[in-house]
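First the structure, in the form of C-alpha cells, and then the observations on it.
In this note's numbering, the protein residues as written are 213 to 947.
Rendered as C-alpha cells:
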C-alpha cells in the first residue's frame with residue numbers, strides 16, 4: 213500500500229481540469245438564454261420588467277415584476293391554485309440591504325373542470341413586487357436577479373423555471389413598462405374593512421354574508437376566491453343571492469379540510485364593466501364551530517382487498533421461466549460494446565485519480581520492464597476479477613429474486629462510508645500529514661515494498677469499486693443485456709468491461725515506447741504528490757453527497773464530523789515527544805466516542821418518501837389495484853409479461869386529479885382491470901422525481917398527465933390526456 217500512496221501521476225493537471233469541468237457540468241439551473249431578462253417556451257413567454265420613473269435613490273420604492281404571456285388555452289396559478297396546481301414562486305437575488313415585498317397578486321379568474329375548479333391567469337399577466345432601497349443606499353446601479361418557477365397547464369401540466377437578471381441605472385428613469393404596472397395595480401383587489409360582514413359555519417357548508425360591496429356589483433353573480441387553500445370546494449355547487457345591498461352565499465366545505473381558522477380572507481370579483489374595481493379583498497371573522505374533517509372513503513371492500521392479495525401471493529409463487537442464451541452475434545456485439553465501455557470508464561472522474569497514480573509508477577527509477585509488465589498484468593487481473601466478482605454477486609441475487617441495478621454496492625451506506633474513509637486517508641497521506649511506514653512495523657512495510665505485484669492487484673480492486681457506479685457510453689446496453697443473460701454469458705460481459713478498463717495500463721506496462729513517453733523522476737514529484745491530494749478529497753465530497761442521498765443531511769454531517777476526528781487522530785500521533793501519546797490517546801478516545809454516537813446516523817438509510825421509493829417494492833402486487841410506482845417495480849411487472857397501466861401524475865395537475873376522480877378510481881373499471889390481470893402503477897411527479905422524468909422521456913412526453921399501457925413484446929401505447937372509461941378498457945384489457 214505504501215507504493216500506492218507514493219506514486220504520482222504526470223497527468224495531474226489534466227485530472228484537475230477534468231474534475232473542474234465535470235463539477236461545472238453538473239451545476240443545475242445555469243441560464244442558457246441569450247437575453248437574461250426573458251424566457252420563452254411553447255406555452256409561456258416570461259419577462260422580468262421594472263418601473264422606476266424617479267430613478268434610484270435611498271428610501272425609494274422600485275417596482276419589478278414577472279410578466280407572463282400565455283399561449284392560447286394555457287394558464288398559470290394564483291396564490292391559492294384551487295383544487296390543484298402550484299402558485300408561481302419568485303426567489304429574488306438582491307444586493308445587501310435591498311428588500312423585496314410580497315407579490316401583489318392580480319384578481320384571479322376561475323378555470324372550471326367539473327367537478328373541479330382552479331384559480332389563476334391566462335392571456336397576459338404581470339406579478340408586481342416592490343423593492344425598497346435602504347436609507348444609506350448610494351449606488352449608481354442596482355443588480356436585480358430572479359429565479360422564478362411556475363406551473364403552466366392546459367389539459368396537461370408542465371413545470372417551468374427560469375433565471376432572470378436586470379441592471380437598473382440610478383440616473384436613467386425607467387418608464388417603458390409603466391402602463392403594464394398601472395394595469396396590474398388596477399387588477400389587484402382593493403382591501404375593504406369587513407364591517408358587519410362575516411362567515412358562519414352551517415353544518416358542512418359556509419354561509420357568507422357581505423355588506424357594503426361596490427354598488428356596481430349589485431344584482432350580479434360574483435366569484436369568490438378564498439386565499440386559504442382547502443377550506444371550500446372550488447368546483448362545488450355554490451348558491452348566492454342579493455338582498456338589497458347585502459350579498460349572501462352558501463358554499464360547501466372542502467372534503468380534505470385540515471385547518472379551522474377563526475378568520476377567512478376572500479377575494480371577490482364581478483363581471484367587468486363600468487367603474488367597478490377588478491376585485492375586493494376582505495378578512496372575515498368565522499362564527500361557529502368547525503366540524504371535524506371527513507375521512508377519505510375506502511375505494512375497495514375488505515373482501516375484494518383480501519381476494520386481490522391472494523391473487524398477488526399466488527402470482528409471486530409462480531416459477532420464473534428459464535433464461536434463454538443470446539445469439540452468437542448479439543453476444544459478440546455485447547462483448548465489443550462492454551470492452552469499449554470499460555475503456556471509456558477510465559475517463560470518468562471517479563476512476564481517473566486511481567489510474568493516474570498507477571501509470572506514474574513507471575517513472576520509478578527502481579522499475580524494470582519486466583516488473584512493469586508484471587504490475588500491469590496484476591492490475592488487469594485485479595480489475596477483471598473484481599468485475600467478475602461483482603457480476604457473480606449480481607447473478608446470485610438475480611437468482612434469489614432481487615431486483616438490483618449496476619452500482620448496487622454503492623447503495624449501501626456502509627460501503628460508501630468506507631470508501632470515503634479510504635480516500636480521505638489516501639488524500640491525507642498524499643498531502644503529507646502522515647507516512648504509512650511510521651505506523652506499521654518495519655517488517656510489514658518492507659513486505660509491501662517487496663511485493664509490488666500484490667500492490668498493483670489491490671489497486672485494480674480499488675479502481676473497480678470506484679468505477680462501477682459510473683455510467684459510460686456503450687456500456688449501459690451491455691449491462692442491461694448481461695442481467696438478462698445466462699450466467700456464463702453474463703460473466704463474460706462483465707469480464708470484457710474489466711478488460712477494457714485495465715487495457716490502457718496494461719498496454720503502457722508492456723510497450724516500452726509508451727513508458728518512454730513518461731517524464732523523468734525529479735523534485736517535481738513531491739509537488740505532484742501533494743497536488744494529487746485534492747482530487748482525492750474531491751472524490752470524498754462526491755461520496756459524502758451519495759451518503760447524504762441515502763441517510764439524509766444528518767448522516768452526511770455525521771460522516772464529515774467523523775472524518776475530521778479521524779484526521780485529528782492522525783495529526784496527534786505525528787507529534788514529537790510525549791505530546792504524541794497524550795494527544796493521540798485523547799483524540800483516539802474522542803474518535804471512539806463519536807464512532808459510537810454517530811455511526812447509526814451515518815449508516816442508517818433515511819426512510820423513503822412514498823412517491824417512487826422502496827415503499828412500492830415492499831407492498832405485494834395485486835391486479836386492478838393502484839400501487840406506488842418505482843423503476844424497479846415497473847421493470848418487474850414488464851418482465852413478468854403482464855399488461856401494465858402507468859398513471860404519470862402530480863398533485864398540482866388539475867387534469868390528473870379530474871381523471872383520477874372521474875375515471876381511474878371508478879369501482880367498475882378497477883373490477884374489470886382486476887379480472888383482466890392488469891397491473892396498475894401510479895408515478896407521482898409532484899417533486900419532479902428524475903426517475904419519473906426519465907420514464908416520461910422514454911415514451912416521448914415531458915409533462916403530466918400521461919397514461920401508458922405496456923404490453924409484452926409491444927411498444928408502449930399512450931392514451932389521451934382525458935381518457936374515458938371505454939378508452940382505458942379498450943387499451944388495457946385483452947381483446
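Quick reminder that beta carbons are idealized off the backbone N, C-alpha and C, glycines included.
**OP:** Quick one: give me the first and last residue of the alpha helix (DSSP H) that residue 632 is part of.
**Re:** 625-643 is the extent of the alpha helix (DSSP H) around residue 632.
**OP:** Reducing DSSP to helix, strand and coil, say where residue 763 ends up.
**Re:** Shown here, residue 763 sits in a helix according to DSSP, grouped into three states.
Subject >> residue 721, enclosing beta strand (DSSP E) - first and last residue >> reply: Per DSSP, residue 721 belongs to no beta strand (DSSP E); it is in the alpha helix (DSSP H), 699-722.
**OP:** With residue 342 as the anchor, note down where its alpha helix (DSSP H) starts and where it stops.
**Re:** Element bounds for residue 342: not the alpha helix (DSSP H) but the beta strand (DSSP E), 336-344.
Original post:
Taking the alpha-carbon positions, what's the residue 322 to residue 628 distance?
Top reply: A straight-line Cα-Cα distance of about 51 Å links residue 322 and residue 628.
Original post:
Can you tell me whether residue 478 is buried or exposed, with buried defined as 16 or more other CB within 10 angstroms of its CB?
Top reply: Flag for residue 478 reads buried.
**OP:** Identify, in the order they occur along the chain, each residue of the same chain with its Cβ nearer than 6 Å to the Cβ of residue 285, setting aside the five sequence neighbours on each side.
**Re:** Exclusion of the five residues before and after residue 285 leaves 366 as the residues of its chain whose Cβ lies within less than 6 Å of its Cβ.
**OP:** Identify the continuous beta strand (DSSP E) that holds residue 377 and give its terminal residues.
**Re:** 369-381 is the span of the beta strand (DSSP E), which, as asked, contains residue 377.
Original post:
Using 8 Å as the threshold, is the segment 793-808 in touch with the segment 845-855, meaning 3 or more CB pairs across them?
Top reply: Taking 8 Å as the limit for Cβ pairs, the verdict is that the segment 845-855 does not touch the segment 793-808.
Subject >> Status (buried if at least 16 other CB within 10 Å, exposed otherwise) for residue 465 >> reply: Residue 465 is buried by the Cβ-count criterion.
Subject >> Proximal residues to residue 585 (C-beta, below 8 Å), its chain only, five neighbours per side dropped >> reply: Residues of the same chain with a CB within less than 8 Å of the CB of residue 585, apart from the 5 flanking positions on each side, are 721 and 722 in chain order.
Subject >> Rounded C-alpha distance that separates residue 331 from residue 272 >> reply: CA-to-CA, the gap between residue 331 and residue 272 works out to about 33 Å.
Subject >> Inter-residue Cα distance where the pair is residue 160 and residue 587 >> reply: As shown, the chain starts at 213 and ends at 947. That puts residue 160 outside it, with no answer to give.
**OP:** Note the first and the last residue of the continuous alpha helix (DSSP H) segment covering residue 859.
**Re:** Counting along the chain, residue 859 sits inside no alpha helix (DSSP H); it lies in the beta strand (DSSP E) bounded by residues 856-861.
**OP:** Mind checking who residue 498 pairs with in its DSSP beta bridge?
**Re:** Beta-bridge pairing by DSSP links residue 498 to 411.
Original post:
Quick one, are the C-beta atoms of residue 430 and residue 457 less than 9 Å apart?
Top reply: Yes. Within cutoff.
Original post:
Out of curiosity, what's the CA-to-CA distance linking residue 547 and residue 702?
Top reply: Distance between the alpha carbons of residue 547 and residue 702: 10 Å.
**OP:** Tell me, please, whether the segment 254-267 touches the segment 402-412 by the rule of three or more beta-carbon pairs shorter than 8 Å.
**Re:** Flag = no, the segment 254-267 and the segment 402-412 do not touch.
Original post:
Got a sec, what are the start and stop residues for the alpha helix (DSSP H) residue 850 sits in?
Top reply: Counting along the chain, the alpha helix (DSSP H) containing residue 850 begins and ends at 843-852.
**OP:** Consult DSSP for residue 646 and reduce its assignment to one of helix, strand or coil.
**Re:** Coil.
Original post:
Can you find a heavy atom of the ligand ZN that lies under 8 Å from the Cβ of residue 751?
Top reply: Because no ligand of any kind appears in the structure shown, any question about the ligand ZN cannot be addressed here.
Subject >> Whether residue 955 touches residue 343 by CB criterion (9 Å) >> reply: Since the first residue shown for the chain is 213 and the last is 947, residue 955 is missing from the structure and cannot be characterised.
**OP:** Specify, as a first and last residue, the run of the alpha helix (DSSP H) that residue 789 falls within.
**Re:** Segment: none, residue 789 is in no alpha helix (DSSP H) and carries neither H nor E.
Subject >> Closest by C-alpha distance to residue 874, when choosing among 933, 855, 913 and 839 >> reply: Distance from the Cα of residue 874 is smallest, within the candidate group 933, 855, 913 and 839, for 933.
Subject >> 8 Å contact criterion, which residue 400 and residue 318 should meet: CB distance rounded >> reply: Between residue 400 and residue 318, the beta carbon gap of about 6 Å places them in contact (Cβ cut-off 8 Å).
Subject >> Other residues of its chain near residue 593: CB distance less than 8 Å, five sequence neighbours each side excluded >> reply: So the list reads 669 and 672, once near-sequence residues are dropped.
**OP:** Go through the segment 426-461 residue by residue and report every complete run of the beta strand (DSSP E) that reaches 3 residues or more, in order.
**Re:** Complete beta strand (DSSP E) runs here, min 3: 435-438 and 451-455.
**OP:** List the residues that DSSP assigns as beta-bridge partners of residue 365.
**Re:** According to DSSP, which records beta bridges pairwise, residue 365 is partnered with 287 and 369.
**OP:** Could you please give the first and the last residue of the uninterrupted beta strand (DSSP E) stretch that includes residue 902?
**Re:** Careful: residue 902 lies outside any beta strand (DSSP E), inside the alpha helix (DSSP H) at 902-910.
Original post:
Should residue 639 go down as buried or exposed, given a rule of 16 or more other Cβ atoms within 10 Å for buried?
Top reply: Residue 639 comes out buried.
**OP:** Count the C-beta pairs between the segment 357-373 and the segment 296-305 that are closer than 8 Å, then say yes if the count reaches three, no if not.
**Re:** Below 8 Å, enough C-beta pairs join the segment 357-373 and the segment 296-305 to call them touching: three or more.
**OP:** State the Cα-Cα distance for the pair residue 591 and residue 718, rounded to the nearest angstrom.
**Re:** Straight-line Cα distance between these residues: approximately 8 Å.
Original post:
residue 760 to residue 754, Cα distance in whole Å?
Top reply: Cα to Cα, residue 760 sits roughly 10 Å from residue 754.
**OP:** Using the Cα positions of residue 601 and residue 903, report the straight-line distance between them to the nearest angstrom.
**Re:** Taking C-alpha positions only, residue 601 is separated from residue 903 by approximately 28 Å.
**OP:** List the whole-angstrom C-beta distance separating residue 480 from residue 452, where the pair is believed to meet the contact cut-off of C-beta under 8 Å.
**Re:** Not confirmed; about 10 Å, so no contact.
**OP:** Sort out for me which residues DSSP pairs residue 324 with in a bridge.
**Re:** Looking at the DSSP assignment, residue 324 forms a beta bridge with 329.
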